[in-house]
Amino acid sequence: MPLVPMRQILDEAAKGGYGVGAFNVNNMEQIQAIMEAAHETNSPAIIQASRGALKYSKMVYLRNLIQAALEEYPEIPVAMHLDHGNSVETCKQAIALDFTSVMIDGSLAEDGKTINSYEANVAITKTVVELAHPLGITVEGELGALGGIEDGQGANLGADELAAHLTDPAQAEEFVAETGLDALAVAVGTSHGAYKGARRDPETGQIMPPRLAMDRIREIHNRMPNCHMVMHGSSSVPQELVGIINKYGGKMPDTAGVAIEDIREGIKHGVCKVNVDTDSRLAITGAIRKVLSESPEKFDPREYLGPAREAAYEVYKARMIAFGQAGHAGDYECVTIEDMKKVYAG
Ligand code: G3H
Ligand code: 13P
Ligand code: ZN
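In this note's numbering, the protein residues as written are 3 to 348.
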């Protein structure tokens, strides 16, 4: 089946009361692992690429790898999404590459670092909606700002600044009405990357998962029950994956990610899309380190990329089950981009 508009995958998730993991990819192994996990668990899939991923994969390679994935598993609904688009131009590039969904991250300026004004965010998000919807393409926007930084992208906020930039529910309502977007990324205390906060258990001294502003998610959902929320920075940073990296020569400091129970609570209150990148990076790096450390004589990349793909598959499969998308791939007839053009035209 052709790529599905992300809007339909989110509409169905909202109807079914489950979340869908949106997994960042940069290479063939990650795409294969997502598809294998989606096939195994009978899940719809959202595959997303950042600007960095498009650059790394030289644009056209990712598009064609995803086409191969569709050929291998025609029964799986798959949306292809641009993650953190920084400009109208980047969104246009993704649409030209057949992406069925784009994120314009107007919470930050085009440099991907400076916090944008609300007005500038509305203006750029609206511009992207106006160009994407007539083409049948889904649009995600973001209001509020996350912590952390990935590949030069992100405001890199500290704990106090993070709290000051949580999404304001009343402003969110205005933002959705003014822009007409399909999905809203909210800032509720998550951060990108492997280091999501410095909360320590006072007794054990261990790093604890970030405390999320679940009340904001509930309030946004109460105000806009039909708004599809997106939780970025949702890797759980499993201790066992960090442990494998460190056991085989890595030097990752003590850290903790977002608790799966918090994500599931968000899903109960309007979160339909859950962004996960770091967990797959951890799984891949740990598996490669393990092979190379245990068998330093090995030099065939298949001997470490194979286990890396397998480790990523385990992460995707576990998340698909935890978010509730497992079992839902065959629930609906998929619409096309042409169908969506008509829906948006009213
Ligand atoms: O939100 C950012 C994603 O984790 C992508 O990271 O820009 O390093 O590909 P990247
Ligand atoms: P993590 O770094 O927590 O995996 O977040 C990924 C993300 O939000 C991509 O947009
Ligand atoms: Zn993100």
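For every residue, glycine included, the Cβ atom is placed at its ideal position computed from N, Cα and C.
Only a predicted model underlies this, so the values are computations on that prediction, with no experimental measurement involved.
#1: How about G288: is its Cβ closer than 8 Å to a heavy atom in ligand 2?
#2: Tell me whether the beta-carbon of M210 lies closer than 9 Å to the beta-carbon of G195.
#3: With a cut-off of 8 Å, do at least 3 Cβ pairs link the segment 245-259 to the segment 321-337?
#4: Starting from T140, trace the beta strand (DSSP E) both ways and give me its first and last residue.
#5: Distance, Cα to Cα, D184 vs G191?
#6: With respect to 8 Å, is the separation between the Cβ of K128 and the closest non-hydrogen atom of ligand 2 below this value?
#7: Leaving out five residues on either side along the sequence, give the residues of the same chain with a beta carbon under 6 Å from the beta carbon of M3.
#8: Is DSSP giving Q50 helix, strand or coil here?
#9: Do you know offhand how far I126's Cα is from P79's?
#10: Which residue comes first and which comes last in the beta strand (DSSP E) that contains D107?
#11: Which word fits K292, buried or exposed, when buried means at least 16 other C-beta atoms lie within 10 angstroms of its C-beta?
#12: What would DSSP say about I117, mapped onto helix, strand or coil?
#13: State yes or no: is the C-beta of M82 within less than 9 Å of the C-beta of E142?
#14: Three or more beta-carbon pairs under 8 Å between the segment 306-316 and the segment 26-37, yes or no?
#15: Tell me, please, which residues DSSP counts as bridged to E231.
#16: Sort T140, Y120, G207 and S237 by Cα distance to R9 and report the nearest one.
#17: For V62, tell me which candidate among N29, A172 and A47 has the shortest Cα-Cα distance.
#18: Are the CB atoms of A409 and R225 nearer to each other than 9 Å?
#19: Given E305, which residues of its chain have a CB within under 8 Å of its CB, disregarding the five upstream and five downstream residues?
#20: So, is N277 buried or exposed, given that buried needs 16 or more other C-beta atoms within 10 angstroms?
#21: Using a Cβ-based criterion (distance less than 8 Å to any ligand heavy atom), does K57 qualify as near ligand 2?
#22: Considering only heavy atoms of ligand 2, does any lie closer than 8 Å to the CB of K300?
#23: What are the residues that DSSP puts in a beta bridge with L56?
#24: Just to confirm before moving on: does the CB-CB distance between M231 and V260 stay below 9 Å?
#25: Label F25 either buried or exposed according to how many other C-beta atoms from any shown protein chain fall within 10 Å of its C-beta, with 16 as the threshold for buried.
#26: DSSP puts R202 in a beta bridge; with which residues?
#27: Starting from the C-beta of N88, find all residues in its chain whose C-beta is less than 6 Å away, skip the five residues before and the five after it, and write them out in chain order.
#28: What does the alpha-carbon distance come out to for the pair A55 and R283?
#29: Report buried or exposed for T206, applying the criterion of at least 16 other Cβ atoms within 10 angstroms of its Cβ.
#30: Would you say R218 and T169 are within 9 Å of each other, going by their C-beta atoms?
#31: So, for Y315: in the same chain, excluding its five sequence neighbours on each side, which residues have a beta-carbon less than 7 Å away from its beta-carbon?
#32: Taking C-alpha atoms, which residue in G138, S236 and A324 lies nearest to P7?
#33: Please report the residue range of the beta strand (DSSP E) in which H330 lies.
#34: Helix, strand or coil, according to DSSP, for Q89 in the structure here?
Taking the structure as given:
#1: no
#2: no
#3: no
#4: T140 to L145
#5: 22 Å
#6: no
#7: Only P76 and C336 meet the Cβ criterion.
#8: strand
#9: 29 Å
#10: Segment: none, D107 is in no beta strand (DSSP E) and carries neither H nor E.
#11: K292 comes out buried.
#12: strand
#13: no
#14: yes
#15: Note on identity: in this sequence residue 231 is Met, with Glu being the wrong assignment. Bridge partners of M231: L186 and V273.
#16: Taking only the C-alpha atoms, the option nearest R9 is T140.
#17: N29
#18: Coverage of the chain is limited to positions 3 through 348, which leaves residue 409 absent and any answer about it impossible.
#19: Excluding the 5 residues flanking it on each side, E305 has same chain C-beta neighbours closer than 8 Å at V293 and S297, in chain order.
#20: buried
#21: no
#22: no
#23: Bridge partners of L56: none, in fact.
#24: no
#25: F25 is buried by the Cβ-count criterion.
#26: I209
#27: E112 and G114
#28: Going by C-alpha positions, A55 is about 13 Å away from R283.
#29: exposed
#30: Between R218 and T169, the CB-CB gap stays under 9 Å.
#31: A35, E38 and A39
#32: G138
#33: Counting along the chain, H330 falls outside any beta strand (DSSP E), and DSSP gives it neither H nor E.
#34: Looking at the sequence provided, one finds Ser at residue 89 rather than Gln. In the structure shown, S89 sits in coil (DSSP, three-state: anything other than H, G, I, E or B).
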